[in-house]
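A.B. asks: This is the structure I have questions about; it appears just below.
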DNA sequence: CTACTAACATACAGGCTGTATGTATGCAAC
DNA sequence: GTTGCATACATACAGCCTGTATGTTAGTAG
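Protein chains in written order, with UniProt numbering: chain U, 1 to 206; chain X, 1 to 206.
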């Protein structure tokens, strides 16, 4: 047991306080929403005062960004843990998408990452975060599939973004009670539709 | 010219005031965001007081819902106007998606309908609105394509939702400065990938 | 040991939301 | 038409929240 008011270095204090604030905020932001959660409530849950919060974060939005960042990293880590390294390109994509949908079932994650995140931080900021974490894996999987000729060649960034958007919407729908099987079926169909079985019909450019 | 304080029926007054409030709110919500727009600013722009607002709408969120509803209807109408009635199923889908992307270029529409809308009203409410307007056309187009055997049979609701999600993300990306051509190419590839050229490889259900 | 700085806590100002209350106008019945 | 009620507002108020400014304690460098 450690006695109260142990002597701690400033670095330790900062780290601990920041972690406490992020953890408390994460809990409240996922239970309720960003707008419905006030900073007085957050600091009370973290056991500090608003002074500490505004010392460590520029504003409420910056604290939110830190929470989103951490949660996106957690999702990415769950996916990487679930998807074995070397598979056929298509199987790796499917394993990854299943892992993503599973990870997004954690309570409140969809609202945090898919609803409040884009609205509060903007799509650009969310893209930047996603590309540093979860989307990286997806993008690499797509590049690998194209290189292995298991997928038609397409602009990679756009394809990554659009598939990610479909995954996101699927996660939201499943959480809202839709048939997970239906959505999984369609996701697989969209992915398999990109296989190069036949020469693609000449696309009328205009 | 009509003299001031003309005698108007209550129904006319209500309709005019509601329309003024919605128009003023729409302008501000699209120029800034929902969170950054205060009710004092809205009523000032509409030329009434906050009393009128809270007489006609339950709260700020209800006014926002009315704005979103109207804007979604406007988008749907632009699409229907742009897409000729009888085409081959695939061409109709492409024309519709182009029309959607064009309609979403109106200033502030993406934030209103794709960012703030889901965050403030929730995905369920936005789905309900979308299904009453824009998504109806998409869904019918998909059903027609499947019936004409121009598209593999898939769960229609899930497919509609996921394609709509992809369109939405494309609209956001294009507004953020991404290559519209790239996104259009990928969207077409996703749609064409659903054509039944070959028997689909046996999907391992698990 | 001294001086400076980081890590907080406390106090304050401004703004916003929603509600309660007051007032004038349309409207319906007699 | 006037009496009475409901509708359409305007005004006033209470509570909360955010961000900042200021004060205090604890670490840390010289």
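We put the CB at the ideal spot given by N, CA and C, even for glycine.
Let me know the secondary structure DSSP gives residue 19 of chain X once reduced to three states.
C.D. replies: The residue given as residue 19 of chain X occupies position 19 in the second chain. Note: residue 19 of chain X maps to helix in three-state DSSP.
A.B. asks: Grouping DSSP H, G and I as helix and E and B as strand, with all else coil, what is residue 100 of chain U?
C.D. replies: Position 100 of the first chain, counted from the start, is the residue given in the question as residue 100 of chain U. Note: residue 100 of chain U maps to helix in three-state DSSP.
A.B. asks: Go ahead and label residue 9 of chain U buried or exposed: buried means 16 or more other beta carbons lie within 10 angstroms of its beta carbon, across all protein chains shown.
C.D. replies: For this step, residue 9 of chain U is matched to residue 9 along the first chain. It counts as exposed.
A.B. asks: Expressed to the nearest angstrom, what Euclidean distance is found between the alpha-carbon atoms of residue 91 of chain X and residue 27 of chain X?
C.D. replies: To locate residue 91 of chain X, count along the second chain from 1; it is residue 91. To locate residue 27 of chain X, count along the second chain from 1; it is residue 27. If I take the Cα positions, the gap works out to 34 Å.
A.B. asks: For residue 136 of chain X and residue 161 of chain X, I'd like the C-alpha separation in whole angstroms.
C.D. replies: Sequence index remark: in the second chain, residue 136 of chain X carries index 136 (1-based). Sequence index remark: in the second chain, residue 161 of chain X carries index 161 (1-based). Cα-Cα distance, rounded: 11 Å.
A.B. asks: Could you tell me which chain X residues have their CB closer than 7 Å to the CB of residue 169 of chain U, listed as they occur along the chain?
C.D. replies: Translated into the one-based positions of the first chain, residue 169 of chain U becomes position 169. What residue 169 of chain U touches in chain X: 161, 162 and 165.
A.B. asks: Closer than 9 Å by beta-carbon distance: list the chain U residues that pair up with residue 116 of chain X, in chain order.
C.D. replies: One-based indexing of the second chain puts residue 116 of chain X at position 116. Simply 119.
A.B. asks: In three-state DSSP terms, what is residue 183 of chain U?
C.D. replies: Taking the first chain and counting its residues from 1, one reaches residue 183 of chain U at position 183. Three-state DSSP puts residue 183 of chain U in a helix.
A.B. asks: Which term fits residue 71 of chain U, buried or exposed, when burial requires 16 or more other beta carbons within 10 angstroms of its beta carbon?
C.D. replies: As a position in the first chain, residue 71 of chain U is number 71, starting the count at 1. Looking at its Cβ environment, which holds 16 or more other Cβ atoms inside 10 Å, residue 71 of chain U is buried.
A.B. asks: Smallest Cα separation from residue 65 of chain X: which of X:34, X:139 and X:187?
C.D. replies: In the second chain, residue 65 of chain X corresponds to position 65, counting from 1. Looking at the Cα atoms, X:34 is the closest of the given residues.
A.B. asks: Where does residue 29 of chain X sit, in a helix, a strand or coil, going by DSSP?
C.D. replies: As a working note, residue 29 of chain X is residue 29 in the second chain. Residue 29 of chain X falls in the helix class under three-state DSSP.
A.B. asks: Quick one: which chain U residues come within Cβ less than 7 Å of residue 189 of chain X?
C.D. replies: Taking the second chain and counting its residues from 1, the one referred to as residue 189 of chain X is at position 189. Going along chain U in sequence order, the residues near residue 189 of chain X (Cβ under 7 Å) are 152, 154 and 194.
A.B. asks: Indicate whether residue 194 of chain U and residue 164 of chain U have their beta-carbon atoms separated by less than 9 Å.
C.D. replies: Counted from its first residue, the first chain places residue 194 of chain U at position 194. Counted from its first residue, the first chain places residue 164 of chain U at position 164. No, they are not a contact pair.
A.B. asks: By Cβ distance, which residues of its chain are closer than 6 Å to residue 134 of chain U, with the 5 residues on each side in sequence left out?
C.D. replies: In the first chain, the residue the question calls residue 134 of chain U occupies position 134. So the list reads 75 and 76, once near-sequence residues are dropped.
A.B. asks: Could you check if residue 182 of chain U is buried or exposed, using at least 16 other CB atoms within 10 Å of its CB as the buried criterion?
C.D. replies: Counted from its first residue, the first chain places residue 182 of chain U at position 182. By the neighbour-count rule (16 or more Cβ atoms within 10 Å), residue 182 of chain U is buried.
A.B. asks: Identify the continuous alpha helix (DSSP H) that holds residue 51 of chain X and give its terminal residues.
C.D. replies: What you label residue 51 of chain X is simply residue 51 of the second chain in a count that begins at 1. Counting along the chain, the alpha helix (DSSP H) containing residue 51 of chain X begins and ends at 50-56.
A.B. asks: Considering only C-alpha positions, which residue in the set X:145, X:157 and X:143 is nearest to residue 130 of chain X?
C.D. replies: Within the second chain, residue 130 of chain X is the residue found at index 130, counting from 1. Taking only the C-alpha atoms, the option nearest residue 130 of chain X is X:157.
A.B. asks: Straight-line CA distance for residue 186 of chain U to residue 155 of chain X?
C.D. replies: As a first step, residue 186 of chain U is located in the first chain; it is residue number 186 there, counting from the start. As a first step, residue 155 of chain X is located in the second chain; it is residue number 155 there, counting from the start. Approximately 7 Å, taken between the alpha carbons.
A.B. asks: Output needed for residue 56 of chain X: all residues of its chain with C-beta closer than 6 Å, excluding positions within five of it in sequence on either side, in chain order.
C.D. replies: On the second chain, residue 56 of chain X is found 56 positions in, with the first residue counted as 1. If we look at residue 56 of chain X and ignore the five residues flanking it on each side, its Cβ neighbours are 18.
A.B. asks: Report the neighbours of residue 93 of chain X on chain U: residues whose CB is nearer than 9 Å to its CB, in chain order.
C.D. replies: In the second chain, counting from the first residue as 1, residue 93 of chain X sits at position 93. The contacting residues do not exist; residue 93 of chain X stays about 13 Å from chain U at best.
A.B. asks: In the DSSP assignment, the alpha helix (DSSP H) including residue 61 of chain X goes from what residue to what residue?
C.D. replies: As a first step, residue 61 of chain X must be located in the second chain, where it is residue number 61. That run of the alpha helix (DSSP H) goes 60-82.
A.B. asks: Just the chain X side, please: which residues come within less than 7 Å of residue 46 of chain U by C-beta, in chain order?
C.D. replies: By 1-based counting over the first chain, the position of residue 46 of chain U is 46. Correct list: empty, because the minimum Cβ distance to chain X is about 23 Å.
A.B. asks: Given that residue 123 of chain X touches chain U, what residues does it touch there, using C-beta distances under 7 Å?
C.D. replies: By one-based count along the second chain, residue 123 of chain X stands at place 123. In chain order: 115, 172 and 176.
A.B. asks: Run through DSSP, which three-state label would residue 152 of chain U get?
C.D. replies: Here residue 152 of chain U corresponds to residue number 152 of the first chain, with the count starting at 1. In this structure, residue 152 of chain U counts as coil in the three-state DSSP scheme.
A.B. asks: Applying a beta-carbon distance threshold of less than 8 Å, which residues of chain U neighbour residue 185 of chain X?
C.D. replies: Position 185 of the second chain, counted from the start, is the residue given in the question as residue 185 of chain X. Correct list: 154, 155, 158 and 203.
A.B. asks: Please report how far the alpha carbon of residue 53 of chain U lies from the alpha carbon of residue 113 of chain U, in whole angstroms.
C.D. replies: Indexing the first chain from 1 puts residue 53 of chain U at position 53. Indexing the first chain from 1 puts residue 113 of chain U at position 113. Residue 53 of chain U and residue 113 of chain U: Cα-Cα distance of roughly 22 Å.
A.B. asks: Determine the DSSP secondary structure at residue 250 of chain X, reduced to helix, strand or coil.
C.D. replies: Any question about residue 250 of chain X goes unanswered here, given that chain X covers just 1 to 206.
A.B. asks: Rank U:96, U:62 and U:40 by C-alpha distance to the C-alpha of residue 78 of chain U and give the top, closest one.
C.D. replies: Position 78 of the first chain holds residue 78 of chain U. Of the listed residues, the one whose Cα sits closest to residue 78 of chain U is U:96.
A.B. asks: Just to confirm, are residue 67 of chain X and residue 189 of chain U a CB contact at a threshold of 9 Å?
C.D. replies: Walking along the second chain from the start, residue 67 of chain X turns up at place 67. Walking along the first chain from the start, residue 189 of chain U turns up at place 189. No.
A.B. asks: Please confirm if residue 83 of chain U has its CB atom under 9 Å from at least one CB of chain X.
C.D. replies: For this step, residue 83 of chain U is matched to residue 83 along the first chain. Answer no: the Cβ-Cβ gap between residue 83 of chain U and chain X never drops below 9 Å.
A.B. asks: Would you mind working out which of X:59, X:111, X:88 and X:61 sits nearest residue 30 of chain X, comparing C-alpha positions?
C.D. replies: Working through the second chain from its first residue, we reach residue 30 of chain X at position 30. Checked all of X:59, X:111, X:88 and X:61; the closest Cα to residue 30 of chain X is X:111.
A.B. asks: Are there any heavy atoms of the ligand SAH lying less than 8 Å away from the beta-carbon of residue 162 of chain U, as far as the coordinates show?
C.D. replies: By its list of ligands, the structure shown contains no ligand whatsoever, and the ligand SAH lies outside what it can speak to.
A.B. asks: To the nearest angstrom, how far is it from the Cα of residue 168 of chain X to the Cα of residue 166 of chain U?
C.D. replies: In the second chain, residue 168 of chain X corresponds to position 168, counting from 1. In the first chain, residue 166 of chain U corresponds to position 166, counting from 1. Roughly 10 Å separates the two Cα atoms.
A.B. asks: Taking any Cβ of chain X, which residues in the UniProt domain "HTH tetR-type" (15-75) of chain U have a Cβ under 9 Å from it, in chain order?
C.D. replies: Going along the UniProt domain "HTH tetR-type" (15-75) of chain U in chain order, one finds 33, 34 and 35 with a Cβ nearer than 9 Å to chain X.
A.B. asks: Check each residue of the stretch 130-150 of chain X: if its Cβ is closer than 8 Å to any Cβ of chain U, include it; give the result in chain order.
C.D. replies: From the stretch 130-150 of chain X, no residue has a Cβ closer than 8 Å to chain U.
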